[in-house]
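One structure is given here, and the rest of the page talks about it.
Residue numbers (this note's numbering), protein chains in the order written: chain F, 6 to 165; chain C, 50 to 197.
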């Protein structure tokens with residue numbers, strides 16, 4: 006997190022390409038994650054319902070409890086690491102008072118809601134899947150915008 | 050600490066709580082919180098058609114955890130550097146205790162399959178201690194965030 010301590014990132018010949026690389030890889034991760042989720046869990050409520058609870062008519066078995074727990078355990082770890090990194094980069098590069106805090110709150114709350122609503126859907130109420138889908142897309146879109154905004158400020162802003 | 054960073058750390062701790070919660074559920078679901086269930090999980094049970102875990106099976110489970118534990122402990126503990134605890138002996142003790150418990154939690158299954166059944170206790174105690182130590186660090190960080 007050395008970038009949080011450097012006064013002018015544009016003048017730093019090592020941190021600028023490092024952060025550019027990090028942000029570009031984050032964008033790639035966010036895009037790739039959508040494709041992976043689409044082929045594993047599903048992106049639409051009906052697809053996710055079929056993955057989690059199966060379908061007797063189509064001979065699809067429901068997902069095992071331990072498999073679901075392993076999936077959500079891994080998701081929490083990846084999400085917390087990428088969101089912490091992205092939000093600190095964003096706070097450093099786009100430090101407009103209040104505005105950046107609101108964006109970070111939207112990102113984090115929607116990501117937390119996505120995880121919690123998926124667990125609630127699986128264990129208690131499948132109707133929460135619509136909340137999961139909505140919050141999943143909100144955190145992805147917000148993270149994408151944050152990464153793009155950070156990239157723009159890193160390369161084109163007059164001073165950061 | 051800048052306000053935006055405080056939010057980032059606060060949310061990171063919220064995710065960390067979810068991570069601990071999911072690990073508790075996983076442990077309960079796959080292994081169980083009794084010595085007999087730990088032994089059964091690793092040594093197998095002919096009546097229940099459970100086979101003994103091999104060296105490579107255990108390695109496949111702990112491999113991602115070796116990296117994840119190291120990264121997670123480092124990230125969580127380094128936040129203490131931004132608090133009043135940065136020069137305290139408590140900080141140093143927490144670093145050693147958390148990494149040591151993490152090591153025991155991961156590698157105690159090998160001793161169980163080698164026939165040292167006592168390590169079922171070590172597995173349970175290290176897992177619970179690790180969760181409690183991490184909760185204590187979260188508490189220290191949260192109290193620092195909300196401190197004026």
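Quick reminder that beta carbons are idealized off the backbone N, C-alpha and C, glycines included.
Of all the alpha helix (DSSP H) runs that stay within the bounds of the segment 90-135 of chain F, which reach a length of 4 or more residues? For the segment 90-135 of chain F, the full-length alpha helix (DSSP H) segments reaching 4 residues or more read 104-128 along the chain.
Taking residue 58(C) and residue 172(C) to be in contact with their CB atoms under 8 angstroms, please state how far apart those CB atoms are, rounded to whole angstroms. So it is not a contact: roughly 31 angstroms between Cβ atoms.
With distance defined between alpha-carbon atoms, name the residue in 154(C), 146(C), 135(C) nearest to residue 112(C). Minimum Cα distance to residue 112(C) is reached at 154(C).
Spell out whether any CB of chain F is found under 8 angstroms from the CB atom of residue 189(C). No, residue 189(C) lies away from the interface with chain F (no Cβ there is under 8 angstroms from its Cβ).
So, is residue 51(F) buried or exposed, given that buried needs 16 or more other C-beta atoms within 10 angstroms? That one is exposed.
For residue 45(F), the first and last residue of its enclosing alpha helix (DSSP H): Residue 45(F): member of the alpha helix (DSSP H) spanning 20-45, first to last residue.
Flag residue 58(F) as yes if its beta-carbon sits less than 8 angstroms from any beta-carbon of chain C, otherwise no. No, residue 58(F) does not count as interfacial toward chain C.
On the CB-based measure, 16 or more other CB atoms within 10 Å of its CB, does residue 125(C) come out buried or exposed? Residue 125(C) should be labelled buried.
Residue 128(C), buried or exposed, once every other Cβ within 10 Å from all chains shown has been counted against 16: Answer is buried; the Cβ neighbour count reaches 16.
Using a cut-off of 7 angstroms between C-beta atoms, extract the partners of residue 71(C) located in chain F. Ordered by position in chain F, the residues that pass the 7 angstroms Cβ test against residue 71(C) are 74, 77, 78, 81.
Excluding sequence positions up to five away, which residues of its chain have a Cβ less than 6 angstroms from the Cβ of residue 53(F)? Result list for residue 53(F): 46, 47, 134, in chain order.
Distance cutoff 8 angstroms, beta carbons only. Does residue 60(C) sit that close to anything in chain F? Taking Cβ atoms only, chain F reaches closer than 8 angstroms to residue 60(C), which makes this a yes.
May I ask you to report which of helix, strand or coil DSSP gives residue 68(F)? Coil at residue 68(F), not helix or strand.
Find out if the Cβ-Cβ distance for the pair residue 106(F), residue 52(C) is shorter than 8 angstroms. Yes. Within cutoff.
Quick one, which residues of the segment 132-148 of chain F are near chain C if we go by CB-CB under 7 angstroms, in chain order? Residues: none.
For residue 94(C), which beta-bridge partners are listed by DSSP? Beta bridge pairing from DSSP links residue 94(C) with 99(C).
Our contact map puts residue 49(F) next to residue 152(F) with C-beta atoms below 8 angstroms; I'd like the distance itself, whole angstroms only. A Cβ-Cβ separation of about 25 angstroms leaves residue 49(F) out of contact with residue 152(F) under the 8 angstroms criterion.
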